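S.K.:
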Amino acid sequence: MVEMNNQLMQRIFVTYQDQMNCDYLQPSTSHIVACSIEKHQKSMLKTRDSLFHKNTLAQILFEVFDKFDSELINDISPLIIKLNQDVVTGIPKNGIYKLDAENEIFVQLDQLGSNHYQEISIHQKQLGIKSNLGISYKLLRKDKETLDMLIKVMKKLNYYLSLHGGVESTIAIADLLSEQQERKLLLPPYIFVQWLYPTDSFRDSLIS
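Residue numbers 1 to 208, in the UniProt record's numbering, belong to the letters of the sequence shown in order.
1. Name the DSSP bridge partner or partners of ASP110?
2. Within 10 Å of its beta-carbon, does ASP148 have 16 or more other beta-carbons around it, so buried, or fewer, so exposed?
3. Determine the extent of the alpha helix (DSSP H) in which LEU139 is found, giving its start and end residues.
4. Of all the options GLN7, GLN181 and GLU102, which has the alpha carbon lying nearest to the alpha carbon of ASP66?
5. Less than 6 Å between C-beta atoms, sequence neighbours within five positions excluded: which residues of the same chain meet that for GLN111?
6. Would you list the one or two residues that DSSP bridges to LYS82?
7. How long is the line joining the alpha carbons of ILE171 and ALA34, rounded to whole angstroms?
8. Buried or exposed for GLU182, please, with buried defined as at least 16 other CB atoms from any protein chain shown within 10 angstroms of its CB.
9. Looking only at DSSP bridge pairs, what is ALA101 linked to?
10. Under 9 Å, do PHE192 and SER136 count as touching if we go by C-beta distance?
11. For the alpha helix (DSSP H) containing LEU61, name the first residue and the last one.
12. When you compare each of ASP200, LEU140 and ILE37 to PRO188 by their alpha carbons, which one comes out closest?
13. Per DSSP, which one or two residues make a beta bridge with VAL193?
14. Is it buried or exposed for THR199, if we count other Cβ within 10 angstroms and need 16 for buried?
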């Protein structure tokens, strides 16, 4: 999926044009979770009871996104999709979150309804994966610079997952084939998602 070309992107834009133009989420402060980011720290702690501790996830996302121009990052607007209360220790509620690295908080933008869980289940079944944590991206600009930056972001997240150990990702178009046999975005206008899940060696990688 990372090796995307212009012809593929044009097909994506044509297919999802209406859904990409809608505003699905607006920032709010309905639920805020404080986190701690060591902005000059290189090492990352691992957690025993979940995929990540909230501070570890914040640190990884900070390392990935902070190195890019803030205007370009806004163009892809990465969001966190949390489907299980235990997958990130310290963030008890499921839903859609945005990391505010400057203020070191996770802001919950929206909750997930039963229809979202059903659609995500169909989407993941089509991919052959099971994940309770995803990073979604929108891509409203069609220019090559934004696309190249998105690819670099997804690759860089994979790199930091490899440093963390025991976690990998699948990158996909964030859609599903509905019962009406129409392609539908899970969270318009977010058209890409990077699903995170533990590897077979996850438990072996934890600090005793």
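Ideal Cβ positions, reconstructed from N, Cα and C, are used throughout, including at glycine.
Quantities reported herein were computed from a predicted structural model and do not represent experimental measurements.
M.R.: From the atom records:
1. Listed as beta-bridge partners of ASP110 by DSSP are ILE96.
2. exposed
3. Where LEU139 is concerned, there is no enclosing alpha helix (DSSP H), given that its DSSP letter is neither H nor E.
4. The shortest C-alpha separation from ASP66 is found at GLU102.
5. GLY95
6. GLY95 and LEU133
7. The straight-line gap from Cα to Cα measures roughly 28 Å.
8. Per the 10 Å Cβ criterion, exposed.
9. In the DSSP output, where bridge partners are listed per residue, ALA101 has none listed.
10. Yes, these two residues count as a Cβ contact at 9 Å.
11. 54 to 65
12. LEU140
13. SER136 and ALA172
14. THR199 is exposed by the Cβ-count criterion.
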